[in-house]
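Under our numbering, the first residue of the sequence shown carries the number 5, and numbering increases by one thereafter. So the structure is just underneath, and the comments pick up after that.
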Amino acid sequence: MTQTTSAHHQGGTAPPAARFDAVVRAAVGQGLLGEGGPVAGFIDTEGVRASVGALHDAFAATPEVLHTFAAKACSLVPVLRLLADCGMGCEVASPGELRLAMEAGFAASRVVLDSPAKTREEIRLALALGVAVNADSLDELRRIDALRNPGTASVLGLRVNPQVGGGSIGPMSTATDTSKFGVALRDPGAREAIVEAFRERPWLTRLHTHVGSQGCPLELIADGVARTYELAEEINATLGVRRVTSLDIGGGLPVNFADETVRPGYADYVAALTAAAPGLFSGRYSLVTEFGRSLLAKNGFIGARVEYTKVAGGRRIALTHAGAQTATRTVLMPDAWPLRIGAFGPDGTPKTGPSLAQDIAGPCCFAGDVVAYGRELPELAEDDVVVLYDTGAYYFSTPWAYNSLPRPAVYGFRAVAGPEDGSGHDGPVTFTTVRDAQSLDDIAAESGLAHADALIQRDG
């Protein structure tokens, strides 16, 4: 599906405070948001290309680097194919994500499999395809010993946990003392066991680490990468051969959800790594990165219709169709994952007028399904539209099936500048379907409709 409508942009981009205003108006005007589509996700394709460009620019001086996109951040085949077209590889962490990466057209040599619980069949498939595999434990290395065909093209690595501590969001911190990921580097005997694992396996050539993502400061991330770089140097020096030839340094660049500015940027990340591990960019090791949220978060938003408003105990509440089913992290951990909210009228134009405190609630049947509390916005009313900004990663792409609410439609868009002849005519906003909204028939089929009588006992 491709549709267009008009939008005015100066120099090809909307003013920062109104970056997506014209897109919301266009979506409402074309019926993508409204009675027939009460909630939908939107991806800015040119914004994605610009973010990928910024990443490549930041690492331009690095002799050899493969940038992979963490598929879990947006597991939609058209988005993955866009990223492949931008020159990205793909990091996957499950058989499903591996299938999506292959369907999206990534070359197997540009795919990396990370997971703490790979089955034998999953490992067999990855090795047969030639996908890179990072073992999460010494036990997994022993499993690979038994499954590996010497002719496989897969680059094989070992994930280590540098145990440098956690950030402000515990569940997003993967380098704590007791993290479930990787070989805990500071545990007694672990370092020696890692060196021995590389001594015994000439085919083991990569070290992998990932300190965490949102809530982790650059200094903490850089410290973890530096510890892993030092381990690689130690392994190579101890073995007297350049056994470790590449470092997978993970991703995890945190996103600023407070406003529209992109901070920190990829150049800041490279500067922090350079300060912590000056030799990292010397060319002795090829590098792999695994960014996800930072590439997409600010290039997407959720639009949702306001179905009702009410006042309860003096608190004004707008009941919308964007709640825990598509903004799960924000609803369950509102302090860790706050979102900016935009208020638009029924025609998709920004609302004006005095602001007042309002709760923005969702459709799920539990009291905590609220995406924003006491938010100062122009007064919302029935048929208005709210926008949840910075939701291009993780939100609408991986919805929660609570209450059997349908997965929302997702659209990509391109906002084109109007003519520069001073006429004031608007240029078009073009929409393309990324994922259709889930139908009620789809929900019934997914819920076992074909086996409806399976649990009913019938007498012979």
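Beta carbons are placed, not taken as given, at the ideal position from N, Cα and C, and that holds for glycine.
Item: Run of the beta strand (DSSP E) containing V292, from where it starts to where it stops; Value: 290-295
Item: Rounded straight-line distance, which links the Cα of S183 to that of Q34; Value: 47 Å
Item: Cβ contact (3+ pairs, closer than 8 Å) linking the stretch 92-108 and the stretch 120-130; Value: yes
Item: Inter-stretch contact (C-beta, 8 Å, three-pair minimum) for the stretch 268-280 and the stretch 372-384; Value: no
Item: Whether A397 touches A331 by CB criterion (7 Å); Value: no
Item: Ranges of the beta strand (DSSP E) found wholly within the stretch 256-322, counting only runs of at least 3; Value: 290-295, 304-316
Item: H325 in three-state terms, based on DSSP; Value: coil
Item: Outcome for D394 when other beta-carbon atoms lying within 10 angstroms are tallied against a minimum of 16; Value: buried
Item: Nearest to S141 (by Cα), restricted to the options D89, A197, P192; Value: A197
Item: Simplified DSSP state of I47, which is helix, strand or coil; Value: strand
Item: Distance between V420 and H429 (C-alpha atoms, nearest Å); Value: Because the pLDDT at H429 is just 41, under 50, the model does not fix this residue reliably, and the point stays unresolved.
Item: Straight-line Cα distance separating V310 from A361; Value: 16 Å
Item: Straight-line Cα distance separating P403 from V83; Value: 16 Å
Item: Range covered by the alpha helix (DSSP H) that runs through Y233; Value: 222-243
Item: H455 in three-state terms, based on DSSP; Value: helix
Item: As assigned by DSSP and simplified to three states, the class of L251; Value: strand
Item: Helix, strand or coil at V545 according to DSSP, with G and I counted as helix; Value: Given a span of 5 to 464 for the chain in the structure shown, any question on residue 545 remains unanswerable.
Item: Endpoints, the beta strand (DSSP E) within which V414 is located; Value: 413-419
Item: Minimum Cβ-Cβ distance from D143 to chain B less than 7 Å; Value: Any reference to chain B falls outside this structure, which holds one protein chain only.
Item: Per DSSP, cross-strand counterpart(s) of D118; Value: N138
Item: G138, buried or exposed, once every other Cβ within 10 Å from all chains shown has been counted against 16; Value: For the sequence presented, residue 138 should be read as Asn rather than Gly. With 16 or more Cβ atoms within 10 Å of its Cβ, N138 is classed as buried.
Item: Sub-7 Å separation of V433 and A26 beta-carbons; Value: yes
Item: From C90, T156, R152, residue whose alpha carbon lies closest to that of A112; Value: T156
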